[in-house]
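**Student:** Heads up: the protein sequence lines correspond to chains W and V, in order.
Per my numbering, residue 1 is the first one in the first sequence, and the count goes up by one each step.
Per my numbering, residue 1001 is the first one in the second sequence, and the count goes up by one each step.
All C-beta atoms, glycine included, are put in the ideal place defined by N, C-alpha and C.
Quick one: this structure, given as structure tokens, is what I'll be asking you about.
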Amino acid sequence: MEILKKYPKLFQWLFLLIVFFALCFAIDVPETYKFIRGQAEFVKDPNQSTFVFLGKEVRYYAFDVFWRLPPLLGWLPIWINDSLFFLMNDWMPMEFWNEDTQEFKTRPLVLQITRNLTAFMTFLIELIREILLGGLETIVAFTSWDWIDTNPWAELPGLPWTIVAAGSAILAYKLGGRGLAIFAGLAMTYISIFGQWKPSMQTLSFILVAAPLSFIFGLSLGIAAFKSKRVEKALYPILLVMQTMPQYAVLVPALVLFGVGDHAAVIITMIVAVPPMILLTLLGLRAVPPEVIEAGRMSGCNNWQLMFKVLIPTARRDILIGVNQVIMVCFSMAVISAFIGAKGLGFNLLLALNQLNIGLALEAGLCISLIAILLDKMSLAWANKQVDYFGNLNFFQRNKNSLFFGLIMIIGIALAYFGSFYFKDGYNYLFEVPHNKGISTANFWNKGVDWIFDTFFVYIKAFNTWLIVEVLQPMRALYLRMPAIATIVLVVGAGYLIGGTRSALVVCGLTLFIALSPWWDRALVTTYMATFGVIVSCIIGFTVGTLCFQNKHSTKFMLNVCDIFQTFPSFVYLIPVMMLFGITDTSVLIAVIVYATIPATRYTIEGLRSVPSGLHDAATMSGVTKFQRLFKIEFPLAFPHMMLGLNQTIVFALFMVIIGAFIGTEDLGQYILKALSDKKGAGIGLTLGICVAFIGLIFDNLIRTWVDKRKKHLGID
Amino acid sequence: MSEPVIKCESVYKIFGENAETMLKEANGNVDAKTFQENGCIVGVNNASFEVSKGEMLVVMGLSGSGKSTLLRCISRLTDATGGKIFIEGQDLLNLNNKELIDLRRNKMGMVFQSFALLPHKTVVENIAFPLQIKGINTEESINKAMDMVKLVGLDGRENYFPRELSGGQQQRVGIARSLAVEPDIWFLDEPFSALDPLIRKEMQDEFLRLQEKLQKTIMFITHDFDEALKLADRIAIMKDGIIEQLDTPANIVLNPATEYVRKFTEEVPREKVLLIEDVMDSSTTEHMGNLKVLKDEIIENVAEKILTQEKTVAVIDNNNNIVGSINPTKIINTVFGGRKNNN
Chain W
1 MEILKKYPKL
11 FQWLFLLIVF
21 FALCFAIDVP
31 ETYKFIRGQA
41 EFVKDPNQST
51 FVFLGKEVRY
61 YAFDVFWRLP
71 PLLGWLPIWI
81 NDSLFFLMND
91 WMPMEFWNED
101 TQEFKTRPLV
111 LQITRNLTAF
121 MTFLIELIRE
131 ILLGGLETIV
141 AFTSWDWIDT
151 NPWAELPGLP
161 WTIVAAGSAI
171 LAYKLGGRGL
181 AIFAGLAMTY
191 ISIFGQWKPS
201 MQTLSFILVA
211 APLSFIFGLS
221 LGIAAFKSKR
231 VEKALYPILL
241 VMQTMPQYAV
251 LVPALVLFGV
261 GDHAAVIITM
271 IVAVPPMILL
281 TLLGLRAVPP
291 EVIEAGRMSG
301 CNNWQLMFKV
311 LIPTARRDIL
321 IGVNQVIMVC
331 FSMAVISAFI
341 GAKGLGFNLL
351 LALNQLNIGL
361 ALEAGLCISL
371 IAILLDKMSL
381 AWANKQVDYF
391 GNLNFFQRNK
401 NSLFFGLIMI
411 IGIALAYFGS
421 FYFKDGYNYL
431 FEVPHNKGIS
441 TANFWNKGVD
451 WIFDTFFVYI
461 KAFNTWLIVE
471 VLQPMRALYL
481 RMPAIATIVL
491 VVGAGYLIGG
501 TRSALVVCGL
511 TLFIALSPWW
521 DRALVTTYMA
531 TFGVIVSCII
541 GFTVGTLCFQ
551 NKHSTKFMLN
561 VCDIFQTFPS
571 FVYLIPVMML
581 FGITDTSVLI
591 AVIVYATIPA
601 TRYTIEGLRS
611 VPSGLHDAAT
621 MSGVTKFQRL
631 FKIEFPLAFP
641 HMMLGLNQTI
651 VFALFMVIIG
661 AFIGTEDLGQ
671 YILKALSDKK
681 GAGIGLTLGI
691 CVAFIGLIFD
701 NLIRTWVDKR
711 KKHLGID
Chain V
1001 MSEPVIKCES
1011 VYKIFGENAE
1021 TMLKEANGNV
1031 DAKTFQENGC
1041 IVGVNNASFE
1051 VSKGEMLVVM
1061 GLSGSGKSTL
1071 LRCISRLTDA
1081 TGGKIFIEGQ
1091 DLLNLNNKEL
1101 IDLRRNKMGM
1111 VFQSFALLPH
1121 KTVVENIAFP
1131 LQIKGINTEE
1141 SINKAMDMVK
1151 LVGLDGRENY
1161 FPRELSGGQQ
1171 QRVGIARSLA
1181 VEPDIWFLDE
1191 PFSALDPLIR
1201 KEMQDEFLRL
1211 QEKLQKTIMF
1221 ITHDFDEALK
1231 LADRIAIMKD
1241 GIIEQLDTPA
1251 NIVLNPATEY
1261 VRKFTEEVPR
1271 EKVLLIEDVM
1281 DSSTTEHMGN
1291 LKVLKDEIIE
1301 NVAEKILTQE
1311 KTVAVIDNNN
1321 NIVGSINPTK
1331 IINTVFGGRK
1341 NNN
């Protein structure tokens, strides 16, 4: 009894676990139960039960409700789908003036709006693309096809790669100095020489539209939420779901609304990239000290000046993290949106992966990562730029960058012009190195992969088999063996023990949604993969983080490594693992582990760093050893922050598991991927996305509630 | 005397949801306790006073006494719940947004306890900020700001960022920024509280030097009674939102109005605060020695001289007219005499 009084929480948890396992053992696996693989759900089976709701028929295998809940929400995807189609094709038909045919045409309102929106996006993308690569579309947008036929000279010629490369180096110099300029120049030259110029510029033009638009929207919505409680309350739930919604899942409904192509990709990218921007803007603005605001007011700022000259610059640190996130998401989406027909490096990457041409995939992935890092660093440098008021400069010094760029323009054009005489075989290398004419290292990499396979095949295969047979299969079987009721009891009980009734109700609602959807089994598989990834990531991340923290240089080094790795688009992680492990679950899991280790490491280091140095000294003075200090002082205090890292790790892991469907897994991601090629996939895709988001949110809710309590207990902020 | 620059008439500031209706119902008789029971917190309770041109009013009180709230009402960073505030005759609470901004851009400057500098701007940019907000072009505002940099003695550091400066230097920037638009009214909210004692003393002297030169109308907030005595023309002592006493430093030390004020004055070395004028007899006698002292002299500075005299010493004003006399025993009484039973 003594112990029970001393550790009441411990016994509550024990009791919860006992109930959970008791339920697991008490409820037998029904004899008819089996995990439904791939195509089985399309087969009409007389054993299936059906029900009709809202005129939609749902077919399912009925089990004891304790084992699996019936999919009472099965009508939801069909209903969403029908509603979307109704909105697009039948709702509010109106007369619109058609420019091409010069007559009024009846069109549904939503269709008209989305088409106008996409036309606008297409125009923006084409404008930048044609400045970089040349083309007709922009001129045509202002005139007509007939006009361009009679005036062929008006076609935009595009800039020679030399000018773009030198131009970006000059811009980088102006923003961030010599180091950045060298990096920019080298990166661009690399891209050109290796024949990735055209797809790279296509991707770049996509990003140059998507990133600024996302930034502007995110910032303005963040400001609106900061100014009005009501806006914030309305936005908050959407933001929460979007934070954990896999990017794949957004593709499907957008496909219906906006069609296929770059413009749709830009809109989806904005949908994904805006929420973190809003959150970080809000966070930053909230953290501005009240006295700074008062100082701004007393300086006579009006509301506008207060916002843009005082609040936003003071909140710059958080807003910059937001910009970084936006850029990250944009590049990630640049690859993923290749699924819905966006051109550029992403498309090449997907194609190469599909053909298992690891070398080509690696090259494309490298180019994307290079551009991502470059843009990230340039945006950072831009925000930190300083004005020199006292330098007494002459005309040349003040305008040296513009003058230099002018010079480069002339030289570049001249070179391209001479190039057209020098290179007789039709390819002007000084204008653009064609895709198949650059230096390619693909063969080298492919040979490397082959060599690795030939040499280590036995070991890799042994490891692979061991992992799958001894670890993954049993783990997966265990997860699938859980009766639905037991799982719900476990989750709700955990919610109650951590956060009281409120938390319990929230997680109960989220879990029920998944349990009542037709994909409970799949959700379990997703969870099992994510769990495995998260556990390994956390072990690696916490260990590496703690080790690196022992030394200032290694801390800094590790944080930089995390920064760079975070800039890689998530898809890129699939390349090396496919290289080593081929198309197996192991590949996906290793990608998950690598990807999810980033936040685990980063938050461990940051958590340890946030321990006040005073405490550090106090501990040292009371004569603790290094280990005692670590375990008695630093870990307990850093733990809440580390748990936030766990939260991020879970989200990252879920994202990667879903993306891993591209390699072939049997979880929710596979269905999302399938929905992409399904005409009626929009509803399914969205519901699946929400399911994944809810898995994330269950953990998010539990961890956040715990962290808040713990922080209050420890008296940290 | 001309129109007071700042004039408050029974100003109230009450925080809480139905503060206004409660204030109306209270009918001028605000009791902090009953308000608190109804979920309202009284920040400023019936404050009435005037500050005339070139005068420095120091508002002194411990934390939570409502002194900062009072200052924010007068600068209208928060709106007072009741009462009237006049700035140079203009009714502050009736100004619209544009007029208020105009007033702040041209008439008011404020210094903050935590400096409140903009972290992304350099020293000179911070100081030029109010000018640029006003719409003055970059070159002119930077030039003006450079003058201010020199005024507060930060030359050579104009391109530093606030994070690269010490606390004292940061507050110099804050002071320079608040003075950049050449305001008539200067608000200082515990400007030296975050500084360590030596720097604080240095900054106080610097501040007195500046005020000598600039002759602004000042409201200065502090929780340090010694600082108040050192700087003030008049001191207002606040407790629980109420101004307990508003008077010259000498009168506060000599005649504390309430028990609360008396506690502060107990430990104050009188000779450092009181002037000859405050303790002299206004009657003159025949038997005065050759020594003459100015009536504005602080006792401490002349005590030794007076004590060497056996006769009564004559007190003169700036024009060398004899206005009173002082007996050495009076000095002894003031310096060493029983503080408890004086007067």
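Closer than 7 Å, CB to CB, is arginine 286 of chain W near chain V or not?
**Tutor:** No, because no Cβ of chain V sits closer than 7 Å to the Cβ of arginine 286 of chain W.
**Student:** State the DSSP-derived secondary structure class of proline 789 of chain W, mapped to helix, strand or coil.
**Tutor:** Past the boundaries of the shown model lies residue 789 of chain W; chain W is included only from 1 to 717, so the question cannot be answered.
**Student:** Between the Cα of valine 310 of chain W and the Cα atoms of W:Val329, W:Leu714, W:Asn324 and W:Pro290, which residue gives the shortest distance?
**Tutor:** Out of W:Val329, W:Leu714, W:Asn324 and W:Pro290, W:Pro290 has the C-alpha closest to the C-alpha of valine 310 of chain W.
**Student:** Given this structure, state the Cα-to-Cα distance separating leucine 714 of chain W from leucine 73 of chain W, to the nearest angstrom.
**Tutor:** Leucine 714 of chain W and leucine 73 of chain W: Cα-Cα distance of roughly 43 Å.
**Student:** Going by C-alpha to C-alpha distance, which of W:Trp519, W:Tyr479 and W:Ala273 sits closest to valine 58 of chain W?
**Tutor:** Nearest of W:Trp519, W:Tyr479 and W:Ala273 to valine 58 of chain W, Cα basis: W:Trp519.
**Student:** Does methionine 245 of chain W come within less than 7 Å of chain V when only Cβ atoms are used?
**Tutor:** So, not an interface residue.
**Student:** Contact check, threonine 1334 of chain V vs valine 1279 of chain V under 8 Å by CB: the rounded distance?
**Tutor:** Contact holds; Cβ gap of about 5 Å.
**Student:** Where does cysteine 330 of chain W sit, in a helix, a strand or coil, going by DSSP?
**Tutor:** Helix, per DSSP.
**Student:** Taking the beta strand (DSSP E) that lysine 1292 of chain V falls in, what are its first and last residues?
**Tutor:** Note, lysine 1292 of chain V: beta strand (DSSP E), 1288 to 1294.
**Student:** If the criterion is Cβ atoms closer than 7 Å, does the pair lysine 504 of chain W and valine 492 of chain W meet it?
**Tutor:** According to the sequence shown, residue 504 of chain W is alanine rather than lysine. Taking 7 Å as the Cβ cut-off, alanine 504 of chain W and valine 492 of chain W qualify as a contacting pair.
**Student:** Do leucine 374 of chain W and alanine 184 of chain W have their beta-carbon atoms positioned less than 7 Å apart in this structure?
**Tutor:** A contact, by the Cβ cut-off of 7 Å.
**Student:** Apart from the five residues just before and just after alanine 1314 of chain V, which ones in its own chain have a Cβ nearer than 6 Å to its Cβ?
**Tutor:** Only Met1288, Lys1292, Ile1322 and Ser1325 meet the Cβ criterion.
**Student:** What is the DSSP secondary structure of lysine 5 of chain W, reduced to helix, strand or coil?
**Tutor:** Three-state DSSP puts lysine 5 of chain W in a helix.
**Student:** Given a threshold of 16 other Cβ atoms within 10 Å of its Cβ, counted over all protein chains shown, does valine 65 of chain W qualify as buried or as exposed?
**Tutor:** The residue is exposed, with fewer than 16 neighbouring Cβ atoms inside 10 Å.
**Student:** Express the C-alpha separation of glycine 500 of chain W and asparagine 701 of chain W in angstroms, rounding to a whole number.
**Tutor:** Roughly 12 Å separates the two Cα atoms.
**Student:** Classify alanine 40 of chain W as buried or exposed, calling it buried when 16 or more other Cβ atoms lie within 10 Å of its own Cβ.
**Tutor:** For alanine 40 of chain W, the predicted structure reports a pLDDT of 48, less than 50, and the residue's modelled location is therefore unreliable. The matter cannot be settled from this model.
**Student:** Between leucine 1077 of chain V and chain W, is the shortest Cβ-Cβ distance under 7 Å, so that the two count as touching?
**Tutor:** Yes, leucine 1077 of chain V counts as interfacial toward chain W.
**Student:** For tyrosine 1012 of chain V, write down the residues that DSSP places opposite it in a beta bridge.
**Tutor:** Tyrosine 1012 of chain V pairs with V:Gly1082.
**Student:** Counting only beta-carbon atoms, is proline 1130 of chain V nearer than 7 Å to chain W?
**Tutor:** Yes, proline 1130 of chain V counts as interfacial toward chain W.
**Student:** Could you tell me the alpha carbon to alpha carbon distance between leucine 109 of chain W and phenylalanine 86 of chain W, rounded to whole angstroms?
**Tutor:** Near 11 Å, if we compare the C-alpha coordinates of phenylalanine 86 of chain W and leucine 109 of chain W.
**Student:** When DSSP builds the beta bridges, which residues end up paired with threonine 1222 of chain V?
**Tutor:** DSSP output for threonine 1222 of chain V lists V:Met1060 as bridge partner(s).
**Student:** Could you pull the DSSP bridge partners for asparagine 98 of chain W from this structure?
**Tutor:** Asparagine 98 of chain W is bridged to W:Glu103.
**Student:** Can you find a C-beta in chain W that's less than 7 Å from the C-beta of serine 965 of chain V?
**Tutor:** Limits of chain V in this structure are 1001 at one end and 1343 at the other, which puts residue 965 of chain V out of reach.
**Student:** Counting C-beta neighbours from all protein chains within 10 Å, is the total for leucine 673 of chain W 16 or more, i.e. buried, or is it exposed?
**Tutor:** So leucine 673 of chain W counts as buried.
**Student:** Flag alanine 295 of chain W as yes if its beta-carbon sits less than 7 Å from any beta-carbon of chain V, otherwise no.
**Tutor:** Answer yes: the Cβ-Cβ gap between alanine 295 of chain W and chain V drops below 7 Å somewhere.
**Student:** At a CB-CB cut-off below 7 Å, which residues of chain V make contact with arginine 316 of chain W?
**Tutor:** What arginine 316 of chain W touches in chain V: His1120.
**Student:** Apart from the five residues just before and just after valine 352 of chain W, which ones in its own chain have a Cβ nearer than 7 Å to its Cβ?
**Tutor:** Residue identity differs from the one stated: residue 352 of chain W is alanine in this sequence, not valine. For alanine 352 of chain W, where only same-chain residues beyond five positions count, the Cβ hits under 7 Å are Leu360, Ala361 and Ala364.
**Student:** Taking a contact to mean a Cβ-Cβ separation below 7 Å, would you say serine 537 of chain W touches alanine 600 of chain W in this structure?
**Tutor:** Their beta carbons are under 7 Å apart, which means serine 537 of chain W touches alanine 600 of chain W by this criterion.
**Student:** Go to methionine 1110 of chain V, then tell me how far its beta strand (DSSP E) extends in each direction, as first and last residue.
**Tutor:** Per DSSP, methionine 1110 of chain V belongs to the beta strand (DSSP E) from 1108 to 1111.
**Student:** Within 7 Å of any Cβ in chain W, is that where the Cβ of alanine 1194 of chain V sits?
**Tutor:** It does not; no Cβ of chain W falls within 7 Å.
**Student:** One question on the structure: do serine 1075 of chain V and phenylalanine 1187 of chain V come within less than 7 Å of each other, judged by their Cβ atoms?
**Tutor:** Going by C-beta atoms, serine 1075 of chain V is nearer than 7 Å to phenylalanine 1187 of chain V.
**Student:** Among residues of its own chain, excluding the 5 on either side of isoleucine 18 of chain W, which ones have a beta-carbon nearer than 7 Å to its beta-carbon?
**Tutor:** There are no such residues.
**Student:** Could you list which residues in chain V have their beta carbon closer than 8 Å to that of proline 253 of chain W, in chain order?
**Tutor:** Per Cβ cutoff of 8 Å: no residues; proline 253 of chain W is ~40 Å from chain V at best.
**Student:** Quick check on glutamine 39 of chain W: does DSSP put it in helix, strand or coil?
**Tutor:** For glutamine 39 of chain W, the predicted structure reports a pLDDT of 49, less than 50, and the residue's modelled location is therefore unreliable. A value from the coordinates is still provided. Reduced to three states, the DSSP call for glutamine 39 of chain W is helix.
**Student:** Secondary structure at threonine 1217 of chain V, three-state DSSP: helix, strand or coil?
**Tutor:** Reduced to three states, the DSSP call for threonine 1217 of chain V is strand.
**Student:** So, using beta-carbon positions, are threonine 604 of chain W and glycine 541 of chain W closer together than 7 Å?
**Tutor:** Contact flag set, yes.
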